[in-house]
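Notes follow once the structure below has been shown.
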Amino acid sequence: MLDKLTQKVSDALRLISGKATITEKNIDDAVDVIKMALLEADVNLRVVRRFVNATIEEAKGEKVLRSVDPGQQFVKIVHDKLVSFLGDAKQDLRLKGPDTLSVILMLGLQGSGKTTSSAKLALRLKKEGRKPMLVACDLVRPAAMEQLAVLGGQIAVPVYKEDGARDSVKVYREAFNWARKNLIDTMIIDTTGRLQIDEAMMAELARLKDASSPDELLLVADAMTGQSAVDIAKTFDEKIGLTGVILTKFDSDTRGGAALSLKTITGKPLKFIGTGEKPDDLEPFHPDRIAGRILGMGDVVSLVEKAQGVINKKEAEALQQKMEKETFTLEDWLNQLRSVKKIGSLQSMLDMIPGMAGQIREEDIEKEDFKAQEAMLSSMTRKERANHLIIGPSRRARIARGSGTSVAEVARLLKKFEKMRTMMKKMSKMNRNPAAAQAMMSRLQGGLR
Ligand SMILES: Nc1nc2c(ncn2[C@@H]2O[C@H](COP(=O)(O)OP(=O)(O)OP(=O)(O)O)[C@@H](O)[C@H]2O)c(=O)[nH]1
Ligand SMILES: [Mg+2]
């Protein structure tokens, strides 16, 4: 995500942030690098100009040049400007209370991710305690209804569809009656996408909009199309009216141009980003966190939140203590391995660690390693995991057999474990923060061999 932009911007900031005094020329140079990086990231030219002017004006003010730590001040200005261009604060969905039926109309071009995002949104609302349903109003593509039905089945959310239906407004009305009877509180309507914006699609959407008076009109746009996603949003907003945007395929978007231009050019908030193909891969868009990522400051808040579902605060503190006192055991390691697996890809985790963003790529880490490590650790007895010192030659042979590895691999694992403990102790003293401890843990896991 946003790899290239992060790399360039963080390089530019590193040059300036450590300086005790900075000159106007330093500022111009840094802003120049950031400007090029934004243009390369496919950010709209008007947005880049505004960003550059606003940043320079503020950075050259007395307050910055004369301050105690001008480099840091400059970084802060860039950060705050980025946040404001990304849309300031997180924008929630505006739905009615659970006693009234709310309607979300999903629109967008073909293949942008409407159907997938509809299901993702339904899962999210369901987890928040609402009772959503999906409505198949894409009547053009024969497989569309079936796709929605399958997705609905996966997340256990009801799907209303009518085989052979021709009129989407009629489908909506019947779905509405069904929703009423079944105490549904949110209808999510999936619609037909075309290759390009055309009259027929707009007319159909306008009819559906009039019939359903949606609370949210969400445009689903593909982040990888960069500026064209922004142009599409502008047209949809002018013709139909939007309340917000979901940018999909953010996981594959290394540039970030759409995310950065959208708010300024269309005035519409980016509400969610799609970060993968699974129903779980939808995140609320947090401008401050994304800005942090672009600056290469990492994203500790996101990491903490993501990890919270997996390890709770107490566990994190216990882990921190264990690291410090060198009482971290193989058992703890196994638990950690399992929680990393639950958090999701290692890459998404690495991107969120301060100082790590853009530094290590997942390809650099042998994935097989994890599987083998987990197998070896699982093949040990509890007693062995509690005290690795008792694992002598015969135990090693048994563990190797049980895990389908070799004695040499078991020996390597144990060596790595000891090395890890020593390093953890050193590093945890420097960084007394449970979330950072968790993050560091995975970093050591991948990086050490
Ligand atoms: N990597 C990634 N893939 C996504 C994301 N969102 C959707 N996709 C994929 O994009 C493809 C198209 O998604 P759909 O949801 O079918 O798109 P659609 O807008 O409903 O397409 P039409 O119904 O044909 O107009 C599918 O293969 C999805 O798995 C995302 O956030 N990340
Ligand atoms: Mg679809």
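1230 is the number of the first residue of the sequence shown in our numbering; add one for each residue after it. For every residue, glycine included, the Cβ atom is placed at its ideal position computed from N, Cα and C.
1) Tell me which residues share the same chain as Val1364 and place their Cβ nearer than 6 Å to its Cβ, disregarding the 5 neighbours each side in the sequence.
2) Per DSSP, which residues does Phe1679 bridge with? Please list them.
3) Grouping DSSP H, G and I as helix and E and B as strand, with all else coil, what is Thr1415?
4) Between Leu1559 and the rest of its own chain, which residues show a CB-CB distance below 8 Å, the 5 nearest in sequence each way excluded?
5) For the structure I just gave you, are there three or more beta carbon pairs, one from the stretch 1266–1280 and one from the stretch 1490–1500, closer than 8 Å?
6) If the criterion is Cβ atoms closer than 9 Å, does the pair Gly1485 and Ala1270 meet it?
7) In three-state DSSP terms, what is Leu1322?
8) Could you pull the start and end residues of the beta strand (DSSP E) that Leu1363 belongs to?
9) How about Val1449: is its Cβ closer than 8 Å to a heavy atom in ligand 1?
10) Return yes when at least one heavy atom of ligand 1 lies under 8 Å from the C-beta of Gln1302, else no.
11) What are the residues that DSSP puts in a beta bridge with Tyr1389?
12) From Phe1465 to Leu1471, what does the alpha carbon distance come to, in whole angstroms?
13) Distance check for Arg1624 and Asp1451, CA to CA, integer angstroms please.
14) Measuring alpha carbon to alpha carbon, tell me which residue in Ala1435, Ser1632, Arg1518 and Glu1638 is nearest Ala1318.
15) Leaving out five residues before and five after Glu1445 in sequence, what residues of the same chain have Cβ atoms less than 6 Å from its Cβ?
16) Go ahead and pull the three-state DSSP assignment for Asp1328.
17) In whole angstroms, what separates the C-alpha of Glu1512 from that of Met1374?
18) How should Ser1331 be labelled, buried or exposed, when 16 other C-beta atoms within 10 angstroms of its C-beta is the threshold for buried?
19) Can you tell me where the alpha helix (DSSP H) with Val1262 in it begins and where it stops?
20) Can you name the start and end residues of the alpha helix (DSSP H) that Asp1232 belongs to?
21) Below 8 Å, can you find three or more Cβ-Cβ pairs linking the stretch 1380–1400 to the stretch 1346–1364?
22) Does the beta-carbon of Val1379 have 16 or more other beta-carbons within 10 angstroms, so that it is buried, or is it exposed?
23) Leu1643: which of Leu1524, Thr1250, Leu1242 and Gln1602 sits nearest, CA to CA?
24) Tell me the DSSP secondary structure of Ala1556 in three-state form.
25) Is it true that the CB of Gly1505 sits closer than 9 Å to the CB of Asp1480?
26) Put Asp1451 into one of helix, strand or coil per three-state DSSP.
27) Tell me whether Lys1478 counts as near ligand 2, meaning its Cβ is closer than 8 Å to at least one heavy atom of that ligand.
28) Kindly indicate which three-state DSSP category Met1609 falls into: helix, strand or coil?
29) Mapping DSSP to helix, strand and coil, what is Glu1357?
30) Return the CA-CA distance between Ala1429 and Leu1244, expressed in angstroms with no decimal places.
31) With hydrogens ignored, establish whether the beta-carbon of Gly1340 is closer than 8 Å to any heavy atom of ligand 1.
32) Look at Gln1236 and Gly1521 and say whether their C-beta atoms are less than 9 Å apart.
33) Do the stretch 1420–1438 and the stretch 1337–1351 touch if we need at least three Cβ pairs shorter than 8 Å?
34) Assign Thr1420 to one of three DSSP states: helix, strand, or coil.
35) Short of 6 Å in beta carbon distance, which residues of its chain neighbour Pro1299, apart from the five on each side in sequence? Order them along the chain.
Here's the rundown:
1) The residue you call residue 1364 lines up with position 135 of the sequence shown. Same-chain partners within the cutoff: Tyr1389, Ala1404, Met1416 and Ile1418.
2) Missing from the structure shown is residue 1679; the chain here goes from 1230 to 1678 and no further.
3) To locate residue 1415, count along the sequence shown from 1; it is residue 186. Residue state, collapsed to three classes: strand.
4) Taking the sequence shown and counting its residues from 1, the one referred to as residue 1559 is at position 330. Result list for Leu1559: Leu1606, Met1609, Glu1613, Arg1614, Ala1615, His1617 and Phe1646, in chain order.
5) Yes, the stretch 1266–1280 is in contact with the stretch 1490–1500.
6) Working through the sequence shown from its first residue, we reach residue 1485 at position 256. Working through the sequence shown from its first residue, we reach residue 1270 at position 41. For Gly1485 and Ala1270, yes; Cβs fall inside 9 Å.
7) Numbered from its first residue, the sequence shown carries residue 1322 at position 93. In the structure shown, Leu1322 sits in coil (DSSP, three-state: anything other than H, G, I, E or B).
8) Reading the sequence shown from its first residue, position 134 is the one you call residue 1363. Its beta strand (DSSP E) spans residues Pro1361 to Cys1366.
9) As a position in the sequence shown, residue 1449 is number 220, starting the count at 1. With a cut-off of 8 Å, the C-beta of Val1449 is classified as near ligand 1, since at least one heavy atom of the ligand falls inside that distance.
10) Against the sequence shown, residue 1302 aligns to sequence position 73. Not under cutoff, so the answer is no.
11) The residue given as residue 1389 occupies position 160 in the sequence shown. Listed as beta-bridge partners of Tyr1389 by DSSP are Val1364.
12) Counted from its first residue, the sequence shown places residue 1465 at position 236. Counted from its first residue, the sequence shown places residue 1471 at position 242. Linking Phe1465 to Leu1471 through their CA atoms gives a straight-line distance of about 7 Å.
13) Indexing the sequence shown from 1 puts residue 1451 at position 222. Indexing the sequence shown from 1 puts residue 1624 at position 395. Those two C-alpha atoms are separated by around 53 Å.
14) The count along the sequence shown starts at 1 and reaches residue 1318 at position 89. When only C-alpha atoms are compared, the closest one is Arg1518.
15) Here residue 1445 refers to the residue found at position 216 when the sequence shown is read from its first residue. Within the same chain, Glu1445 has close Cβ partners Leu1322, Ile1333 and Thr1472.
16) Walking along the sequence shown from the start, residue 1328 turns up at place 99. In this structure, Asp1328 counts as coil in the three-state DSSP scheme.
17) As a first step, residue 1512 is located in the sequence shown; it is residue number 283 there, counting from the start. As a first step, residue 1374 is located in the sequence shown; it is residue number 145 there, counting from the start. C-alpha separation (whole angstroms): 25 Å.
18) Residue mapping note: residue 1331 aligns to position 102 of the sequence shown, counting from 1. So Ser1331 ends up on the buried side.
19) Within the sequence shown, numbered from 1, the residue matching residue 1262 stands at position 33. Val1262 -> alpha helix (DSSP H) spans Glu1253 to Glu1269.
20) Against the sequence shown, residue 1232 aligns to sequence position 3. Under the DSSP assignment, Asp1232 falls in the alpha helix (DSSP H) whose first and last residues are Asp1232 to Ser1246.
21) Yes, since at least three Cβ pairs between the stretch 1380–1400 and the stretch 1346–1364 fall closer than 8 Å, the two stretches touch.
22) Locating residue 1379 in the sequence shown gives position 150, where the first residue counts as 1. Under this definition Val1379 is an exposed residue.
23) Start at 1 with the first residue of the sequence shown, and residue 1643 comes out as number 414. Among Leu1524, Thr1250, Leu1242 and Gln1602, the Cα nearest to that of Leu1643 is on Gln1602.
24) Locating residue 1556 in the sequence shown gives position 327, counting from the first residue. First, the amino acid is wrong: residue 1556 is Thr here, not Ala. DSSP places Thr1556 outside both helix and strand once states are collapsed to three, so it counts as coil.
25) As a first step, residue 1480 must be located in the sequence shown, where it is residue number 251. As a first step, residue 1505 must be located in the sequence shown, where it is residue number 276. A distance below 9 Å separates the beta carbons of Asp1480 and Gly1505.
26) Taking the first residue of the sequence shown as 1, we reach residue 1451 at position 222. The answer is strand: DSSP assigns Asp1451 an E or B state.
27) To locate residue 1478, count along the sequence shown from 1; it is residue 249. Every heavy atom of ligand 2 is 8 Å or more from the Cβ of Lys1478, so no.
28) Numbered from 1 along the sequence shown, position 380 holds the residue referred to as residue 1609. When DSSP states are grouped into helix, strand and coil, Met1609 belongs to the coil group.
29) Working through the sequence shown from its first residue, we reach residue 1357 at position 128. Residue state for Glu1357 is assigned as coil, using DSSP reduced to three classes.
30) For the purposes of this step, residue 1429 is identified with residue 200 of the sequence shown, where counting begins at 1. For the purposes of this step, residue 1244 is identified with residue 15 of the sequence shown, where counting begins at 1. Their Cα atoms are separated by approximately 53 Å.
31) Reading the sequence shown from its first residue, position 111 is the one you call residue 1340. Checking the Cβ of Gly1340 against ligand 1 gives yes.
32) On the sequence shown, position 7 is the one that residue 1236 refers to. On the sequence shown, position 292 is the one that residue 1521 refers to. When the beta-carbon positions are compared, Gln1236 and Gly1521 stay at least 9 Å from each other.
33) A contact exists between the stretch 1420–1438 and the stretch 1337–1351.
34) By 1-based counting over the sequence shown, the position of residue 1420 is 191. In this structure, DSSP gives Thr1420 an extended state, which the three-state scheme calls strand.
35) Here residue 1299 corresponds to residue number 70 of the sequence shown, with the count starting at 1. Here the set comprises Ile1251 and Val1293.
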